[in-house]
Structures are given as structure tokens and as C-alpha cells.
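Notes for the one structure printed next.
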Amino acid sequence: MQPLTNRSKQVDRSPMTFSEKLYLPSIAKGMAITFSHLFKKRPTIQYPEQTRPFSQVFRGLHVLNRDEEGRERCTACGLCAVACPAEAITMEAAERMDGEENLYREEKYAAKYEINMLRCIFCGLCEEACPKDAIYLSETFAPANFNRQGFIYNKQELLIPNPLTEKEAYEKAAGGRVRKPVNE
Amino acid sequence: MSDQLLKVTIDNITVEVPNGTTILQAARKIGGDVTPPAMCFYTPLKGSGGKCRTCLVEVSKGSEKDPRPMPKLVASCRTTVMDGMEIKSITSQRVLDARAGVVEFLLLNHPLDCPICDQAGECHLQDLSYEHGKNGTRYEFQRRTFKKRDLGQYIQLHMTRCILCYRCVFTADQVSNKRVHGVLDRGDHAEIATYIEQNLNNDFIGNVIDVCPVGALTDKTFRFKNRVWFTKPMTAHRDCDKCCGEVTLWMRGDEVFRVTARKDEWGEIKTSEKTGNTGWICNDCRFDKKKASDWTIEGLAPIDRHSVIGQGKYKGLKKPEETIEKVLDGRKPRLLMNIHSVSEVNNPEIELSEINGPATSAVFKKNNHE
Chain A
507 MQPLTNRSKQ VDRSPMTFSE KLYLPSIAKG MAITFSHLFK KRPTIQYPEQ
557 TRPFSQVFRG LHVLNRDEEG RERCTACGLC AVACPAEAIT MEAAERMDGE
607 ENLYREEKYA AKYEINMLRC IFCGLCEEAC PKDAIYLSET FAPANFNRQG
657 FIYNKQELLI PNPLTEKEAY EKAAGGRVRK PVNE
Chain B
971 MSDQLLKVTI DNITVEVPNG TTILQAARKI GGDVTPPAMC FYTPLKGSGG
1021 KCRTCLVEVS KGSEKDPRPM PKLVASCRTT VMDGMEIKSI TSQRVLDARA
1071 GVVEFLLLNH PLDCPICDQA GECHLQDLSY EHGKNGTRYE FQRRTFKKRD
1121 LGQYIQLHMT RCILCYRCVF TADQVSNKRV HGVLDRGDHA EIATYIEQNL
1171 NNDFIGNVID VCPVGALTDK TFRFKNRVWF TKPMTAHRDC DKCCGEVTLW
1221 MRGDEVFRVT ARKDEWGEIK TSEKTGNTGW ICNDCRFDKK KASDWTIEGL
1271 APIDRHSVIG QGKYKGLKKP EETIEKVLDG RKPRLLMNIH SVSEVNNPEI
1321 ELSEINGPAT SAVFKKNNHE
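Line order of the protein sequences matches chains A and B. Be aware that the first sequence starts at 507, since it is given in my numbering, and climbs by one per residue. Be aware that the second sequence starts at 971, since it is given in my numbering, and climbs by one per residue.
Structural data, given as C-alpha cells:
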């Protein structure tokens, strides 16, 4: 095959010379490289205390968005579930009853909404499919867990905090990603 | 003369049809993209058609004897063919423009609430606007709205979605023996309604759900239960003393979520194999027989390959043989996790298909362990 880079080298099988047999020059050369790194910028960070900034397009754990009145935006239209290539999303819809107008934005809502994080591949197609700006992939990782049971995320775990009652928690969960409510 | 076949050319495809055929039916004989869309015309209903104007075509040559073109676009569902007629459907820019205009008019007052609507996925207006419509709307005013209404126990009317095709009115007139609903008022105020919220309690009134091209008339027993594309259409039949009993069941697992009549590729109810008439089905079959044991299931119903309903459905799928039990000398594998112990969706204690109407928070609260 044609070499793809110019860095390929023929293996040299000629017997070693006396200086090579001593190994000391090679060791000194290697140690010099190691020593020079003392004066270079350290690429490692102390992870749990320090964190790196997320990329603009990072796709992490899902959040279910609310509108400016704190009502759930999701109407259980099923477009995220049909777009999901891993079939991780399942839901069951219910009709909004009288007196629940402050909880749900539309007459139909997701009574049950689950994402199986063992299946999810964080492709973001659900976010793209959503016609109601209801699901977003946030800037957090799905936390590790010892049990499989812990990876089935239900609606309570996915819902963003209410922007009216828990403003700070909402801002933190929304990050720079979630489309904030504007007066439509 | 009358039994002679007439030659018609639609978009340079020639087809021979008997006298009295409409342009639309001739185009359907050819099929494919040439066929004009139809929102109000419904073959089994006498007198339907001519209202929605989506099936407009251009007649570039009237007939062999009188080759003058027709000056205006004509509604193909109501215009019968002449010998030697030449018709332009998708080859005429005038027709395409006119259709786009008609779609824009039909969508003027449409709420576009497809994420909520139960018809989404099998809606003719969705297909129409997707294939023939423009991207945006130029309408700047408040949309006309109506309150949703119950037409009897089983049928939900969303007047905001209605396009006034009159199909349901013809159905009630021709299929059931007494019609109690109709179109009231005129112009912008026109609406499908009953006087004093009368119950539509005729045995065949459920068929108005099937003929409705949009989500204006929907099945209340299926309301919000599931999206159409997550249910599996299976052809099935039962012995019914009122109707032909030939239906399509929309199932998930062994649960029957919805029962509809069988429809052909144009969305019209098929002719029954048993009786030879149009396969209207009765309310008992449609609304009350919601158990798989009520039916003899024949197999997967044909699904258009461009339809979203086809997702996740495979005809002739052969499941691989389970080998673990053989290897383990007949012992069953130990399951590490029962999904129902974690997941709240598809709870075996809640049979959604057996609830008569949409699920509400009360249904889920009953079995809530949180």
C-alpha cells in the first residue's frame, strides 16, 4: 500500500553498535525529554474541583422545558420518540382536566415520559424533532450508577425547575442552551 | 356509443376509461403523482366533491370534436371525460400554483395543532400541505376559533380543524337513516354542528370519523391514547349482524387501541369482500369491541411505504429462535431486571385501551406509587 504519511520508517535490523549497547545515551535523551516537560504548561486539570468549559454543541442529559408561566411544554406528540434511533423515549399522554391549566400548556400533556439512558446515544435528534421547544440536551453528563434501574429517567427527574418559584435552579439547569421563554 | 371506451390523456399518459368517468377517477387509474389530491370527493358517497378545489386540473384540449381548451381550471372530481381529452395535472404550472393557493386558503383558519391532533400521521391535510403547499402563511389576522364539542358519546368535534368538505354530512345522510348534524351558518361562520347538542346515536354514525380527511371528527375512545404511528394496523374480521365486520385494528402488543374501516390507497373505505358493498362498519365494532379476543386477526395491513405509520413495522419478520433454553438444558435464563419495576410507562395495571375516553391525571394517580 502507498504510505499515507512521510513518517514511515524501514525497520533497521543491523546489529547494534557499541554506544547503542551501552544504552546510557538513549536513557539520557529520554530523561531530557521528561525533564523539559517540567517547564511546559500542564494540560491536566483537577477534575471534580476544576471543570473544562463545554463546547457550544455539547449534547448531555435531557431536560424538559417549561414556559414562562412554569407550565410543561411537552404535549406528548411522540415526534421525539419516532425520531429516536435508539428507541430510548417512551411516553403516555393524558388530557388536561379543568383546573390543571397552570400545570400544562396544551390540552394534551405527557402524563408519563421516560428516557432510558442506557439506550440513549445523545444524538440530539429528539431536540431537533420537537415542535414545542420542550426537550433540550443540556450541558451535564448523565451520572454514573451501579444499578441499571437508575438509568430510567422519569418525567420528574427530567423536568426543569419552575422558573417562577425556583428561579436560580431554573437558570442553572437551563444554562446557555434552553430557549428561554419569550412573550409569544 | 355508451359502452365504448374513451381515450383520455393525462400528463401525456393515455388511458381508456368508460363513458361517464370523471377526470379524477381516470387519473387514479393511472395513479402516482399524476393523480390530483382530493379532500372532499369520496367515491362511496353520492354527491360528494366539488367543494375543496384541491383537485383542479387544466384541460388543454376539450375533446376530439371540439379541441378548444377549457378557459379555466376545472375541478377534476366533478368533470367527466370526453373522447380525446387532454389534461395537464402536474405538468401545468397554473395547476401547481392554484393548488398551492387552495392549500393556503384551507390552512387560513387551521390551528396547526398537529402535535395534539389524533389524526396526525394519517391526515390528508398534512399530506396535502406537505406536497402542494407553501412554507409559510401570509395571514396576519386572528384565526377563527371554536370550542371543542362532543357529538354524542363517542365522537369529538374540533371545529377549528374542519375544512367544510361535507363528507360527514353525506355519510350521515346516505349511510345512517337519520341525520341530526349538518352545516349551520354561512361563510366564515359556517360550522358542522348539531342543534342542542343532540346525541348522534345512529348505528353507523361512527363512519364520519373515517371519512373526515382532517382531525375534526375523531374517535373519543382513542383520544390521546397513542400516536397513530406507534400502533400497528392489523386487518381483522368478526361476525357482525349489523355490518360487514371487516376492519383494521390499530394495536400495540395485544391491546386494541382503535378500530377503523379498511381503507384503500386513496384513503377511501374499501369495498367489503363479503357483501360487495362499501365496507362501512357499525358502532359496536368500532367502539365496543376493544379486545383482541373479539376479532379474528388476519395480518399486517398494507401501509404506504412513504407513511410514518410504517416506522418499526416489518412484514414477514421472522424472530430468531431462542437458543438459551436449549443450551441450558431447558432451564430458563434468570432475568436481572423486570422493566415494569422501574418504568411507569405501559403499566400492566393500567389498561389504557379499555378506558372509554382520554386518560386523565386521575387514571395515573390511581396506581401512583410515588
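Ideal placement from N, C-alpha and C gives every residue a C-beta, glycine not left out. No experiment lies behind these values; they were computed from the predicted model shown.
- Does T581 of chain A get closer than 9 angstroms to chain B when you measure Cβ to Cβ? On the first sequence, position 75 is the one that residue 581 of chain A refers to. T581 of chain A counts as touching chain B.
- Task: Mark R1156 of chain B as exposed unless 16 or more other C-beta atoms lie within 10 angstroms of its C-beta, in which case mark it buried.
- Result: In the second sequence, the residue the question calls residue 1156 of chain B occupies position 186. The residue in question, R1156 of chain B, is exposed, as its Cβ has fewer than 16 Cβ neighbours within 10 Å.
- Query: So which residues of chain A does M1129 of chain B contact, with C-beta pairs closer than 7 angstroms?
  - Reply: Here residue 1129 of chain B corresponds to residue number 159 of the second sequence, with the count starting at 1. Those within 7 angstroms of M1129 of chain B in chain A number zero; the least Cβ separation is about 14 angstroms.
- From the DSSP output, in three-state form, read off V1145 of chain B for me. Looking up residue 1145 of chain B in the second sequence gives position 175. Three-state result, V1145 of chain B: coil.
- Message: Counting only Cβ pairs nearer than 7 angstroms, list the residues of chain A close to T1330 of chain B.
- Response: Reading the second sequence from its first residue, position 360 is the one you call residue 1330 of chain B. Ordered by position in chain A, the residues that pass the 7 angstroms Cβ test against T1330 of chain B are A600, E601, M603.
- Hey, could you find the ends of the alpha helix (DSSP H) T540 of chain A is sitting in? Along the first sequence, read from residue 1 onward, the residue named residue 540 of chain A stands at position 34. Residues 530-542.
- In chain order, what residues of the same chain lie with their CB nearer than 8 angstroms to the CB of T1061 of chain B, ignoring the 5 residues before and after it? Taking the first residue of the second sequence as position 1, residue 1061 of chain B is located at position 91. Excluding its 5 nearest sequence neighbours in each direction, T1061 of chain B has C-beta neighbours in its own chain below 8 angstroms: D981, N982, listed in chain order.
- Query: Do you know how far the Cα of G605 of chain A is from the Cα of T1367 of chain B?
  - Reply: An answer regarding residue 1367 of chain B cannot be provided, because it is not within the stretch 971 to 1340 covered by chain B.
- Message: Which of the three DSSP states is assigned to Y610 of chain A in this structure?
- Response: Working through the first sequence from its first residue, we reach residue 610 of chain A at position 104. Three-state DSSP puts Y610 of chain A in a strand.
- Alpha-carbon spacing of P1081 of chain B relative to I1133 of chain B, whole angstroms: As a first step, residue 1081 of chain B is located in the second sequence; it is residue number 111 there, counting from the start. As a first step, residue 1133 of chain B is located in the second sequence; it is residue number 163 there, counting from the start. Whole-angstrom Cα-Cα distance: 11 angstroms.
- Task: Using the Cα positions of I1351 of chain B and I1251 of chain B, report the straight-line distance between them to the nearest angstrom.
- Result: Since the displayed chain B opens at 971 and closes at 1340, residue 1351 of chain B lies outside it and no answer follows.
- C-alpha gap between E593 of chain A and K977 of chain B, whole angstroms: Sequence index remark: in the first sequence, residue 593 of chain A carries index 87 (1-based). Sequence index remark: in the second sequence, residue 977 of chain B carries index 7 (1-based). Computed Cα separation, rounded: 51 angstroms.
- Message: Quick check: I1325 of chain B and E613 of chain A, are their CB atoms within less than 9 angstroms of each other?
- Response: Within the second sequence, residue 1325 of chain B is the residue found at index 355, counting from 1. Within the first sequence, residue 613 of chain A is the residue found at index 107, counting from 1. Against a cut-off of 9 angstroms, the Cβ pair of E613 of chain A and I1325 of chain B comes out as no contact.
- Item | DSSP-derived helix/strand/coil call for D1067 of chain B | For the purposes of this step, residue 1067 of chain B is taken as residue 97 along the second sequence, with counting starting at 1. Here D1067 of chain B sits in helix by DSSP.
- Along the region 1072-1085 of chain B, what residues have a CB closer than 7 angstroms to any CB found in chain A? P1085
- Query: Among residues of its own chain, excluding the 5 on either side of I1166 of chain B, which ones have a beta-carbon nearer than 7 angstroms to its beta-carbon?
  - Reply: Numbered from 1 along the second sequence, position 196 holds the residue referred to as residue 1166 of chain B. In this prediction, I1166 of chain B scores a pLDDT of 45, lower than 50, which makes its location untrustworthy; the coordinate-derived value is nonetheless stated afterwards. Hits under 7 angstroms: none found.
- Query: Between E1216 of chain B and R1208 of chain B, what straight-line distance do the alpha-carbon atoms span, to the nearest angstrom?
  - Reply: On the second sequence, position 246 is the one that residue 1216 of chain B refers to. On the second sequence, position 238 is the one that residue 1208 of chain B refers to. Near 7 angstroms, if we compare the C-alpha coordinates of R1208 of chain B and E1216 of chain B.
- Bounding residues of the alpha helix (DSSP H) (the contiguous stretch that carries D1180 of chain B): For the purposes of this step, residue 1180 of chain B is taken as the residue at position 210 of the second sequence. Here the alpha helix (DSSP H) through D1180 of chain B covers 1177-1181.
- Message: Measuring straight from C-alpha to C-alpha, what distance separates I1273 of chain B and V987 of chain B?
- Response: Here residue 1273 of chain B is taken as the residue at index 303 of the second sequence, counted from 1. Here residue 987 of chain B is taken as the residue at index 17 of the second sequence, counted from 1. Distance between the alpha carbons of I1273 of chain B and V987 of chain B is about 28 angstroms.
- Query: Within the 9 angstroms Cβ cut-off, does I551 of chain A reach chain B?
  - Reply: Here residue 551 of chain A corresponds to residue number 45 of the first sequence, with the count starting at 1. Answer no: the Cβ-Cβ gap between I551 of chain A and chain B never drops below 9 angstroms.
- Query: By a C-beta neighbour count over all protein chains shown, 10 Å radius and 16 as the cutoff for buried, is K673 of chain A buried or exposed?
  - Reply: Taking the first sequence and counting its residues from 1, one reaches residue 673 of chain A at position 167. So K673 of chain A counts as exposed.
- Query: Residues of chain A with a CB under 9 angstroms from the CB of S1313 of chain B: which are they?
  - Reply: Position 343 of the second sequence, counted from the first residue, corresponds to residue 1313 of chain B. Those within 9 angstroms of S1313 of chain B in chain A are T596, K618, E620, N622, I658, N660.
- Straight-line CA distance for R625 of chain A to T596 of chain A? The count along the first sequence starts at 1 and reaches residue 625 of chain A at position 119. The count along the first sequence starts at 1 and reaches residue 596 of chain A at position 90. Looking at the two C-alpha atoms, the distance is approximately 12 angstroms.
- Item | Top-ranked residue by Cα proximity to Y912 of chain B, from B:N989, B:K1016, B:H1276 | This structure gives no information on residue 912 of chain B, because the portion of chain B shown stretches from 971 to 1340.
- Message: If the criterion is Cβ atoms closer than 9 angstroms, does the pair Y1124 of chain B and F1257 of chain B meet it?
- Response: Start at 1 with the first residue of the second sequence, and residue 1124 of chain B comes out as number 154. Start at 1 with the first residue of the second sequence, and residue 1257 of chain B comes out as number 287. Yes, they are a contact pair.
- How long is the line joining the alpha carbons of N1196 of chain B and C1138 of chain B, rounded to whole angstroms? What you label residue 1196 of chain B is simply residue 226 of the second sequence in a count that begins at 1. What you label residue 1138 of chain B is simply residue 168 of the second sequence in a count that begins at 1. Their backbone Cα atoms lie some 24 angstroms apart in a straight line.
- Message: Taking 7 angstroms as the limit between beta carbons, can you name the residues of its chain near V1229 of chain B, skipping five residues before and five after?
- Response: Within the second sequence, residue 1229 of chain B is the residue found at index 259, counting from 1. Closer than 7 angstroms at Cβ, skipping near neighbours: V1217, L1219, C1255, R1256, K1259.
- Rounded C-alpha distance that separates P1328 of chain B from K1016 of chain B: Position 358 of the second sequence, counted from the first residue, corresponds to residue 1328 of chain B. Position 46 of the second sequence, counted from the first residue, corresponds to residue 1016 of chain B. Distance between the alpha carbons of P1328 of chain B and K1016 of chain B: 34 angstroms.
- Query: Quick one: does I1166 of chain B have its CB under 9 angstroms from some CB of chain A?
  - Reply: Here residue 1166 of chain B refers to the residue found at position 196 of the second sequence. At I1166 of chain B, the pLDDT of 45 sits below 50, so the modelled position is not reliable; the number obtained from the coordinates is stated separately. With 9 angstroms as the cut-off, I1166 of chain B does not count as an interface residue toward chain A.
- Query: In whole angstroms, what separates the C-alpha of N1308 of chain B from that of E620 of chain A?
  - Reply: Mapped onto the second sequence, residue 1308 of chain B falls at position 338. Mapped onto the first sequence, residue 620 of chain A falls at position 114. Whole-angstrom Cα-Cα distance: 16 angstroms.
- Note down the Cα distance separating A1142 of chain B from G1122 of chain B, rounded to an integer number of angstroms. The residue you call residue 1142 of chain B lines up with position 172 of the second sequence. The residue you call residue 1122 of chain B lines up with position 152 of the second sequence. Taking the straight line joining both Cα atoms gives about 14 angstroms.
- Is the distance from the Cβ of A1090 of chain B to the Cβ of G1002 of chain B below 9 angstroms? Numbered from 1 along the second sequence, position 120 holds the residue referred to as residue 1090 of chain B. Numbered from 1 along the second sequence, position 32 holds the residue referred to as residue 1002 of chain B. Between A1090 of chain B and G1002 of chain B, the C-beta gap is not smaller than 9 angstroms, which leaves the two residues out of contact.
- Task: Compile a chain-ordered list of the residues in the region 1290-1317 of chain B whose CB is closer than 9 angstroms to at least one CB of chain A.
- Result: L1306, M1307, I1309, S1311, V1312, S1313, E1314, V1315, N1316, N1317
- Opposite L1121 of chain B in the DSSP bridges: which residues? In the second sequence, residue 1121 of chain B corresponds to position 151, counting from 1. According to DSSP, L1121 of chain B bridges with B:I1125.
- Does the separation of the CB atoms of C586 of chain A and L643 of chain A fall below 9 angstroms? Against the first sequence, residue 586 of chain A aligns to sequence position 80. Against the first sequence, residue 643 of chain A aligns to sequence position 137. Not in contact: C586 of chain A and L643 of chain A (Cβ atoms no closer than 9 angstroms).
- Can you name, in chain order, every residue of its own chain whose Cβ lies under 6 angstroms from the Cβ of N1177 of chain B, other than the five neighbours on each side? Reading the second sequence from its first residue, position 207 is the one you call residue 1177 of chain B. Contacts found: T1141, V1145, W1250.
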